[in-house]
Amino acid sequence: MISVAGVAYTYGSGRTGRPALADISLNVAPREFVGIIGANGTGKSTLLRIMAGLIPPMRGTITIDSRRVDGPDRRVGLVFQEPRLLPWRSALDNVAFPLELAGVPRGVREARARELLGLVGLADAGALRPHQLSGGMRQRAAIARALALEPAVLLLDEPFSALDALTRERFNRQLEAIWRETGTTVVLVTHSISEAIFLADRVAVLAGRPGRIVAEVPISLSRPRSVTDLDTAIVSEAAAALRAPLELEAAEPILSEAVG
3 MISVAGVAYT
13 YGSGRTGRPA
23 LADISLNVAP
33 REFVGIIGAN
43 GTGKSTLLRI
53 MAGLIPPMRG
63 TITIDSRRVD
73 GPDRRVGLVF
83 QEPRLLPWRS
93 ALDNVAFPLE
103 LAGVPRGVRE
113 ARARELLGLV
123 GLADAGALRP
133 HQLSGGMRQR
143 AAIARALALE
153 PAVLLLDEPF
163 SALDALTRER
173 FNRQLEAIWR
183 ETGTTVVLVT
193 HSISEAIFLA
203 DRVAVLAGRP
213 GRIVAEVPIS
223 LSRPRSVTDL
233 DTAIVSEAAA
243 ALRAPLELEA
253 AEPILSEAVG
C-alpha cells in the first residue's frame, strides 16, 4: 500500500517561491491501478517524483507498506515521459542496468532482462541500440527496465504522450496486460481522460495552483478491457465526472476577470 499523507511542496523559497502542491493525501491499495489527471502546472509530475523519493516533500510523508520513503527507493520503479535509455547500451543491457548496479551476476541479470523484454513485446529487440528502436519501443524498454528490480510500485509519468493515437491505444492495452501479469501497484500520470479511464481502477483529479486533489472517480469497467469499452455508458459517466472539476478550474480565471 502507498500512503501519501498531507504532502506539500514549493519550488524556491520566500516571496519568490512557487507553491506546487498543497495538502495532498492519497492511499493506493496493493495491486491497484490509479490514474492522476490535471492541467499543466497542477503538480502531477512533482507528486510522482516525491512518491519516488527523488525530491523530499516540504510537509507530509510518503509510506509504502508503512515504511517511510526518504530517498530513492528500490521498492519503486519510475518511468519518465522520455525513456532516458543509455544510448551506448543495447536494449537488453539497458533493462539489465539496475540489476548490474545491484550486483546481480551477469547470467542472472541477462536472463531477467530477456524475460522482461518478452513481457513488453520486445523479445527480438534485445541486441538493438536505442536509436534503432521506435519511440514506442524505447518507452516499453524503459518500462521493462523499471520492472527489473521487481518493484512493489510502478510510477508512470505520461509514458505514451509522444505517440500517435492508434499506437498509444495499442500500448495502453499492452500496459494493462503487463500490470495484470506482474501484479505491481501502478500510479499513472496522464493528460488523457480516456487513457486514465481505460487503464485505472480509480482516477484522481489534481486542480489549482498549488495542486490539490479535488475529485476521485472509481472506474467500474471489468478486466481485461478493450477499446470498445470506451463506448459504454460507464465510460461516459466517468468521463463527465472527471471533466467537471477540470472545466470548472479552466473557467475560474474567465469568471474572475468578468467579475473584476
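For the sequence shown, the numbering used here gives the first residue as 3, with consecutive numbering after it.
Virtual Cβ for every residue (Gly too), placed ideally from N, Cα, C.
In this structure, I66 sits near V155, with a CB-CB distance shorter than 8 Å. Here D231 has L223 as same chain residues with Cβ atoms under 6 Å from its own Cβ, once five neighbours each way along the sequence are excluded. Inclusion of G79 and P132 in the CB contact set at 8 Å is not warranted, their separation being larger than that value. In the displayed model, I221 falls within coil according to three-state DSSP, outside both helix and strand. The C-alpha of V205 lies about 22 Å from the C-alpha of A148. Of P100, D95, E249, the smallest CA-CA separation from P74 is found for P100. Residue burial annotation: P58 is exposed, with fewer than 16 other C-beta atoms found within 10 angstroms of its C-beta. For G120, the uninterrupted alpha helix (DSSP H) segment begins and ends at 108-121.
The alpha-carbon of V122 is positioned some 14 Å away from that of N96. Taken in chain order, the complete beta strand (DSSP E) segments of 3 or more residues contained in the stretch 146-199 are 155-159, 187-191. Straight-line spacing of the CA atoms in A125 and A164 works out to 23 Å. Remark: fewer than three beta-carbon pairs, one from each stretch, lie closer than 8 Å, so the stretch 112-121 and the stretch 191-198 are not flagged as touching.
Put simply, of L250, P226, V219 the residue whose alpha carbon is nearest the alpha carbon of E239 is V219. Per DSSP, the beta bridge partners of F35 are V188. Beta-bridge annotation (DSSP): I66 is paired with I4, R69. I26 and G37 have their C-alpha atoms roughly 15 Å apart. By the neighbour-count criterion, in which a residue is buried when 16 or more other Cβ atoms sit within 10 angstroms of its Cβ, E160 is buried.
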